[in-house]
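As structure tokens, the structure follows; a few thoughts come after it.
Numbering (UniProt numbering), first residue to last: 1 to 258.
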């Protein structure tokens with residue numbers, strides 16, 4: 001008797017026709033049965049946004065042979081929710097993979113990323129989940145060096161599972177030669193943001209967000225260090241945002257009592 005193929009949900013935030021998702025689909029086809037639910041257009045920077053107050057649409061489309069694909073009018077998180085509830089009809093896929101994103105989602109970027117939020121939503125649904133991102137924003141980015149690592153990391157998650165409430169944030173450096181994989185922590189960094197003020201033809205102000213990435217962490221165990229030194233960074237991420245270390249301090253405060 002042949003072994004049952006794992007069911008694989010593929011999502012992204014760059015849109016269903018993005019080159020990065022095509023690469024991810026091709027690699028996942030080698031591992032199991034692929035179902036794609038992705039936004040109909042780019043949704044970068046949407047974070048964990050969901051659609052409320054207006055209809056969501058999901059439509060079957062035919063782009064790649066033998067692949068069940070749906071485009072969604074909503075956000076990356078909407079895609080996962082609709083996939084679980086309407087496409088899989090409550091049956092959970094064996095794994096959810098998101099990406100491959102055009103651009104890094106290392107360090108603080110994990111909070112803003114639609115790619116990672118789709119993977120987080122998969123983990124909330126208790127589906128082992130991975131977000132993949134590559135340090136190249138160009139439409140025709142060369143993902144060839146990512147392929148073997150995408151497949152290997154996914155195989156390991158399928159074989160070993162992930163702890164409940166945990167997912168993986170995987171980032172690929174843009175380099176001639178990837179040195180290997182580093183299991184990392186998220187680097188301490190932030191964006192120093194500025195809003196460039198401009199004028200429209202009616203002389204009304206509008207603003208264009210710009211910013212500089214400020215790295216405040218010089219540790220050699222971070223995702224930023226790994227990427228800067230030619231390694232694939234793998235960061236285990238959790239969606240429980242409780243600052244457990246702060247609880248004892250808060251319990252020592254003297255709050256008003258009735």
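Quick reminder that beta carbons are idealized off the backbone N, C-alpha and C, glycines included.
In this text the structure is predicted, and so the values were computed from the model without any measurement.
Query raised in the report: Hey, how far is the Cα of residue 303 from the Cα of residue 248?
Result: For the chain, the structure presents residues 1 to 258; residue 303 sits outside this window and is missing.
Query raised in the report: So, helix, strand or coil for residue 116, using DSSP?
Result: helix
Query raised in the report: Cβ atoms of residue 108 and residue 132: under 7 angstroms apart, would you say?
Result: no
Query raised in the report: In angstroms, rounded to a whole number, what distance separates the CA positions of residue 71 and residue 80?
Result: 12 angstroms
Report task. Please go through the region 211-245 and give each complete beta strand (DSSP E) segment of 3 or more residues, from N-terminal end onward. Result -> 231-238
Query - N-terminal and C-terminal residue of the alpha helix (DSSP H) that residue 6 is part of - result: No alpha helix (DSSP H) holds residue 6; DSSP gives it neither H nor E.
Query raised in the report: Which runs of the beta strand (DSSP E) spanning at least 3 residues fall entirely within the region 88-117, listed in chain order?
Result: 95-102
Report task. Have a look at residue 178 and residue 151 and give me their C-alpha separation to the nearest angstrom. Result -> 15 angstroms
**Report entry** Nearest candidate by alpha-carbon position, reference residue 124, set 210, 163, 206
**Finding:** 163
Query raised in the report: Between residue 268 and residue 32, is the Cβ-Cβ spacing less than 7 angstroms?
Result: A query on residue 268 cannot be resolved here, the shown segment of the chain reaching from 1 to 258 and no further.
Query raised in the report: Are residue 44 and residue 96 touching if we call contact CB-CB under 7 angstroms?
Result: no
**Report entry** Cutoff 8 angstroms; reference residue 88; Cβ partners in own chain excluding five residues on either side
**Finding:** 7, 9, 35
Query raised in the report: residue 168 and residue 76 look like a contact to me (Cβ under 8 angstroms); what is the Cβ gap, rounded to whole Å?
Result: Not really, about 16 angstroms apart at Cβ, beyond 8 angstroms.
Query raised in the report: When DSSP labels each residue in this structure, what does residue 196 get in the three-state scheme?
Result: strand
Query raised in the report: For residue 154, which option in 13, 14, 26 has the closest C-alpha, if you only look at C-alpha atoms?
Result: 26
Requested in this report: Might you give, ordered along the chain, the residues of its own chain that have their beta carbon closer than 6 angstroms to the beta carbon of residue 103, omitting 5 neighbours on each side?
Outcome: 137
Report task. Look up residue 78 in the DSSP assignment and say whether it is helix, strand or coil. Result -> helix
Requested in this report: Report yes if the C-beta distance between residue 49 and residue 16 is below 7 angstroms; otherwise report no.
Outcome: no
Report task. Pull up the CB-CB distance for residue 135 and residue 173, whole angstroms please, since I reckon it's below 8 angstroms. Result -> 5 angstroms
**Report entry** Backbone CA spacing between residue 13 and residue 60 [nearest angstrom]
**Finding:** 18 angstroms
Query raised in the report: Under the rule that 16 or more other beta-carbon atoms within 10 Å means buried, what is residue 28, buried or exposed?
Result: buried
Report task. Taking residue 144 as the reference, give the member of 118, 19, 4 with the closest Cα. Result -> 19
**Report entry** Three-way DSSP call (helix, strand, coil) for residue 204 in this model
**Finding:** coil
Requested in this report: For residue 212, I'd like the list of residues in its chain whose CB is within less than 6 angstroms of its CB, leaving aside the five on either flank, ordered along the chain.
Outcome: 192
Report task. Could you round the C-beta distance between residue 171 and residue 223 to whole angstroms and report it? I think they count as a contact, below 8 angstroms. Result -> 6 angstroms
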